[in-house]
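Just so you know, we're using the numbering used here here: the sequence shown kicks off at 116 and counts up by one.
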Amino acid sequence: MAGPTRDFWEARFSSGSMPWDRGGPNPQLQCWIDAGCITAEQRVIVPGCGQGWEVAAMARAGIRVTGLDYAPAAIDACRALLTANQLDAQLCVADVLAWKPPMPVDAVYEQTCLCALHPDHWQRYAEQLHAWLRPGGSLMMLVAQVPSEGSAHGFIKGPPYHCDINAMRSLFPASRWDWPKPPYPRSPVGPGTELALVLTRL
Ligand SMILES: C[S@@+](CC[C@H](N)C(=O)[O-])C[C@H]1O[C@@H](n2cnc3c(N)ncnc32)[C@H](O)[C@@H]1O
């Protein structure tokens with residue numbers, strides 16, 4: 116399989132080497148909750164949830180959230196965060212490219228999992244996200260904007276892999292997803308920035 120392995124991510128969590136982790140929930144999540152994009156009682160999946168700051172924030176807001184990650188150390192850290200805050204959420208150690216929810220959900224909160232996957236897997240992942248959502252469900256995405264000089268020469272660099280907007284339109288085509296008009300909010304994260312997109316599954 117092209118790209119980083121499960122052991123790569125497991126080692127990051129086990130050694131505490133997580134430069135992407137901001138130590139709290141992404142402020143964009145609260146913007147989306149305030150805007151009514153996700154509401155209490157809705158069923159939401161967080162693929163590649165990592166330590167799970169957003170899983171905990173959603174659980175606190177009364178959202179029925181499922182955190183998914185294939186690194187057991189990430190899920191252990193997420194469980195510890197929930198327990199420390201007396202919060203409840205469903206957690207699964209599973210591969211986002213293979214896992215299926217028992218029933219379609221209302222929303223997916225995709226924060227830098229796509230950019231953790233080698234582009235060879237993007238089509239499969241986009242199919243999964245579509246299958247997980249009910250028609251009319253929301254895909255809230257924070258996609259990494261990390262263009263590299265090497266890409267001008269054909270090199271694919273990552274993780275994080277740059278999520279160019281043209282690639283996003285191709286992965287999530289207007290025939291299957293409703294796109295709002297740009298400009299989209301950008302939020303700073305680590306060395307790059309994230310583009311905040313909310314797509315509706317048709
Ligand atoms: C860059 S980290 C982001 C973590 C979290 N979303 C955050 O923003 O703090 C990427 C996460 O995706 C997980 N991941 C990568 N590939 C995965 C896969 N195929 N299935 C499940 N999780 C995966 C990694 O274990 C890691 O926790």
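Where a beta carbon is used, it is the ideal one built from N, C-alpha and C, also for glycine.
Based on the DSSP secondary-structure assignment, which residues constitute the bridge partners of residue i?
{"i": "Tyr224", "result": "Met255"}
{"i": "Ala311", "result": "Leu257"}
{"i": "Ser321", "result": "Lying outside 116 to 317, the shown extent of the chain, residue 321 is not represented and no answer is given."}
{"i": "Asp293", "result": "Thr315"}
{"i": "Leu320", "result": "Residue 320 cannot be examined here, being either before or after the span of the chain that is shown, 116 to 317."}
{"i": "Leu248", "result": "Val220"}
Specify, as a first and last residue, the run of the beta strand (DSSP E) that residue i falls within.
{"i": "Gln205", "result": "Gln205 to Val208"}
{"i": "Thr181", "result": "Arg179 to Asp184"}
{"i": "Ile160", "result": "Arg158 to Pro162"}
Could you check where the alpha helix (DSSP H) with residue i kicks off and where it finishes?
{"i": "Asp149", "result": "Pro142 to Asp149"}
{"i": "Val170", "result": "Trp168 to Arg175"}
{"i": "Tyr299", "result": "Looking at the DSSP string, Tyr299 is not in any alpha helix (DSSP H), and its letter there is neither H nor E."}
{"i": "Asp191", "result": "Pro187 to Ala199"}
{"i": "Ala282", "result": "Ile280 to Leu286"}
What's the C-alpha gap between residue i and residue j?
{"i": "Tyr240", "j": "Pro217", "result": "18 Å"}
{"i": "Cys207", "j": "Ala222", "result": "17 Å"}
{"i": "Thr308", "j": "Pro142", "result": "13 Å"}
{"i": "Asp203", "j": "Glu242", "result": "28 Å"}
{"i": "Ala186", "j": "Arg127", "result": "9 Å"}
{"i": "Ala209", "j": "Phe123", "result": "15 Å"}
{"i": "Ala213", "j": "Leu248", "result": "15 Å"}
{"i": "His268", "j": "His277", "result": "14 Å"}
{"i": "Arg316", "j": "Ser266", "result": "30 Å"}
{"i": "Phe287", "j": "Gly177", "result": "29 Å"}
{"i": "Gly252", "j": "Gln226", "result": "17 Å"}
{"i": "Arg194", "j": "Trp135", "result": "19 Å"}
{"i": "Glu169", "j": "Ala189", "result": "13 Å"}
Quick check: is any heavy atom of ligand 1 less than 7 Å from the C-beta of residue i?
{"i": "Leu212", "result": "yes"}
{"i": "Gln166", "result": "yes"}
{"i": "Asp136", "result": "yes"}
{"i": "Ser216", "result": "Inspection of the sequence shows that residue 216 is occupied by Pro rather than by Ser. Incorrect: Pro216 has no Cβ contact closer than 7 Å to ligand 1."}
{"i": "Pro219", "result": "no"}
{"i": "Pro274", "result": "yes"}
{"i": "Tyr299", "result": "no"}
{"i": "Leu317", "result": "no"}
{"i": "Ala189", "result": "yes"}
With residue i and residue j assumed to form a contact (beta carbons below 8 Å), what rounded beta-carbon distance in angstroms separates them?
{"i": "Ala259", "j": "Cys230", "result": "4 Å"}
{"i": "Asp293", "j": "Leu310", "result": "Their Cβ separation, rounded to whole angstroms, is 17 Å, which puts Asp293 and Leu310 out of contact at 8 Å."}
{"i": "Ile153", "j": "Val161", "result": "Ile153 to Val161, Cβ: 11 Å. No contact."}
{"i": "Ala155", "j": "Asn200", "result": "Wrong, their Cβ atoms sit about 17 Å apart, outside the cutoff."}
{"i": "Leu196", "j": "Gly167", "result": "6 Å"}
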